[in-house]
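Colleague:
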Amino acid sequence: VVQPDEGDIFIGGEKVSIPSPAAAKALHVSCVFQELSLADGLSVAENIHAGRPPQHYGVIDRREMRRAARLLLDEFGVTMNVDRPVGLLPTTSRQIVEIAKALSLHARIMLLDEPTSALTPDEVTALFSILRKLAARGIGIIYVSHHLPEIFRIADRVSVLRDGRLAGTHLTSETSQPQIVTEMVGRNVETARGERRQAASQEALSVEGLSSGNVFSDVSFGVRAGEIVGLAGLVGSRKTEIAAAICGLFRPDAGRIMIDGRPARITNLRDAMVQGIAYVPENRKTEGLFLDLPVAANVAAATLESHSRFGFLDRSSVASATLAAIRRFAIRTPGPDAPVGRLSGGNQQKVMLAKWLEREPRILVINEPTKGVDISAKQQIHAELIKLAAGGMAILVVSSDFPELLALTDRILVVRGGCIAGELSAGSANETDLMMLASGVSGGDLPETAGAPA
1436 VVQPDEGDIF
1446 IGGEKVSIPS
1456 PAAAKALHVS
1466 CVFQELSLAD
1476 GLSVAENIHA
1486 GRPPQHYGVI
1496 DRREMRRAAR
1506 LLLDEFGVTM
1516 NVDRPVGLLP
1526 TTSRQIVEIA
1536 KALSLHARIM
1546 LLDEPTSALT
1556 PDEVTALFSI
1566 LRKLAARGIG
1576 IIYVSHHLPE
1586 IFRIADRVSV
1596 LRDGRLAGTH
1606 LTSETSQPQI
1616 VTEMVGRNVE
1626 TARGERRQAA
1636 SQEALSVEGL
1646 SSGNVFSDVS
1656 FGVRAGEIVG
1666 LAGLVGSRKT
1676 EIAAAICGLF
1686 RPDAGRIMID
1696 GRPARITNLR
1706 DAMVQGIAYV
1716 PENRKTEGLF
1726 LDLPVAANVA
1736 AATLESHSRF
1746 GFLDRSSVAS
1756 ATLAAIRRFA
1766 IRTPGPDAPV
1776 GRLSGGNQQK
1786 VMLAKWLERE
1796 PRILVINEPT
1806 KGVDISAKQQ
1816 IHAELIKLAA
1826 GGMAILVVSS
1836 DFPELLALTD
1846 RILVVRGGCI
1856 AGELSAGSAN
1866 ETDLMMLASG
1876 VSGGDLPETA
1886 GAPA
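Position one of the sequence shown corresponds to residue 1436 (this note's numbering), numbered consecutively onward.
1. Considering only C-alpha positions, which residue in the set S1647, R1529, V1521 and V1479 is nearest to L1506?
2. Between R1497, G1657, A1667 and T1526, which has its C-alpha nearest P1804's C-alpha?
3. Buried or exposed for A1719, please, with buried defined as at least 16 other CB atoms from any protein chain shown within 10 angstroms of its CB.
4. So which of A1458, I1663, E1585 and R1750 has the shortest CA-CA distance to D1557?
5. Compute the Euclidean distance between the alpha carbons of A1561 and L1872, then round it to the nearest angstrom.
6. Among L1848, M1500, A1864 and S1863, which residue has its Cα nearest to the Cα of G1857?
7. Could you tell me the distance, in whole angstroms, from the CA atom of P1488 to the CA atom of T1702?
8. If you drop the 5 nearest sequence neighbours on each side, which residues of the same chain put their C-beta closer than 8 angstroms to that of L1477?
9. Which residues does DSSP list as the beta-bridge partners of Q1490?
10. Starting from the N-terminal side, write out each stretch of the beta strand (DSSP E) that is 3 residues or longer and does not extend beyond the segment 1656-1710.
11. When you compare only the Cα positions, how much space is there between L1596 and A1713?
12. Residue range of the alpha helix (DSSP H) that T1607 falls in?
13. Which parts of the segment 1558-1584 are runs of the beta strand (DSSP E), unbroken and 3 residues or longer, counting only runs that do not cross its ends?
14. Can you grab the Cα-Cα spacing for the pair L1704 / F1656, in whole Å?
15. Would you kindly report the start and end of the unbroken alpha helix (DSSP H) that includes A1824?
16. Have a look at G1573 and V1593 and give me their C-alpha separation to the nearest angstrom.
17. Among G1493, T1514 and Y1492, whose alpha-carbon lies nearest the alpha-carbon of R1501?
18. Distance check for E1549 and K1806, CA to CA, integer angstroms please.
19. Three-state secondary structure (DSSP) at I1545?
20. Determine the closest residue to L1601 out of G1853, H1491, I1615 and E1722, with distance taken between C-alpha atoms.
21. Terminal residues of the continuous beta strand (DSSP E) containing A1829?
22. What did DSSP end up calling L1848 once you bin it into helix, strand or coil?
23. Would you call L1792 buried or exposed, if buried means 16 or more other Cβ atoms sit within 10 Å of its Cβ?
24. When burial is assigned at 16 or more other CB atoms within 10 Å of the CB, is F1651 buried or exposed?
25. Can you tell me whether P1888 is buried or exposed, with buried defined as 16 or more other CB within 10 angstroms of its CB?
26. Nearest CA to the CA of C1854: which residue from E1449, C1682, T1675 and I1798?
27. DSSP three-state label for I1615, please.
28. What are the complete alpha helix (DSSP H) segments, minimum 4 residues, inside the segment 1747-1816?
29. Can you tell me whether E1638 is buried or exposed, with buried defined as 16 or more other CB within 10 angstroms of its CB?
30. Considering only the beta carbon of each residue, do R1851 and G1875 sit closer than 9 angstroms?
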């Protein structure tokens, strides 16, 4: 996919050349990218054998194709309808189909890029079980991830890359997560929590009795100016729908939203923007950015009116704003005209945040702010949010990353089944407290070591 300028690649002790994906397949090297390469309209069996279906006298042998697909899936104890369109499968099943597709090529080496970015904790456990079976069969696995707990859970060795260079290689049994973090960012990492200014007494944002059918019910809370409040919950808790309703992207049946103590009518995102609310969505690729457009166009996308004169776009104004954003957020890009889709996940996230902060909102609702970003970018985003709160902004952070919420926020509201299950002070709570509220179990049911979802 990408050709190196120098250096050598060895497989089985022999120097090899890999000029194309086809050459990699010929060497039994398979990749499972973060963005899955499956065809939603084709069946499981058709995806597994895409481009090389079994044939009989020049005609596709569909019976053999289905049999071979079932055989591959059976190896992992997975029961799946191989005639079902892949587009109808949950994410974890799609991931398994992608791995089965790689194995159908008789892979000896498999590379997985951020394979758990869209998986629930149970799905991560299922995936790891499959990976261990593959390793036991002698298949070499390269697991690319910034989730250190996962690395230490699944890997034998860990290599750290920083700025495109190898910073170190260790046996996971002989190193620690803090040491790896230090190598990743090139310095000791401090926690995000620090001195905060006193939040205002009046709530900048408050919701009262917000309800929507069987999605969420009787949701009430407030966020004061200068305060960072977390909205926590497991996958399916409906926390995202609550945030979307506040920003006009989901229509509630009952309840009201108050801005600075006054009722606000918010029926769409434009209404929210007029009221001084900015919404940073969870999925930057499909909801937050125009991947084919330049960084500059994305930064200016939410503030075109302020960059226009007499109905014409002022390109110098856009360029100035973009360069300021690049400096402010330390966005790594070849330049303002580079397509944002070519940037790393962390830099894309910074561009999306910069776009909405261009509007200078008084209230920021941000969903999964550091999902799919590296440690350094996560630090920078946290530092920026803390700075914004110190400047008087009211911030609502929606996240399933419990350690992030504990480090970043002042208070955490836990959502379960579309209702607020409880509120905790981030300064005194721990992951076990959050998990107990989020999952609805009692203290006796949850072990001390319970952690947050991936």
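All residues carry an ideal CB built from backbone N, CA and C; glycine is no exception.
Modeller: By the coordinates alone:
1. V1479
2. From the listed residues R1497, G1657, A1667 and T1526, the smallest Cα separation to P1804 is found for A1667.
3. Here residue 1719 turns out to be Arg, not Ala, going by the sequence shown. Flag for R1719 reads buried.
4. E1585
5. In a straight line, the C-alpha of A1561 is about 24 angstroms away from that of L1872.
6. It is L1848.
7. 50 angstroms
8. A1485, P1520 and V1521
9. I1495
10. 1663-1667, 1689-1694 and 1697-1699
11. Rounded to the nearest angstrom, the two C-alpha atoms are 34 angstroms apart.
12. Note, T1607: premise wrong, no alpha helix (DSSP H); not H, not E.
13. The qualifying runs are 1575-1579.
14. 20 angstroms
15. I1810 to A1825
16. 18 angstroms
17. T1514
18. 11 angstroms
19. Residue identity check: residue 1545 is Met in the sequence provided, not Ile. Strand, per DSSP.
20. I1615
21. A1829 to S1834
22. strand
23. buried
24. Counting Cβ neighbours within 10 Å, F1651 comes out buried, since at least 16 surround it.
25. Residue confidence for P1888 is low, a pLDDT of 38 falling below 50, so the modelled location carries little weight; the figure read from the coordinates is stated next. Answer is buried; the Cβ neighbour count reaches 16.
26. T1675
27. helix
28. 1750-1764 and 1780-1792
29. When all chains shown are included, E1638 counts as buried.
30. yes
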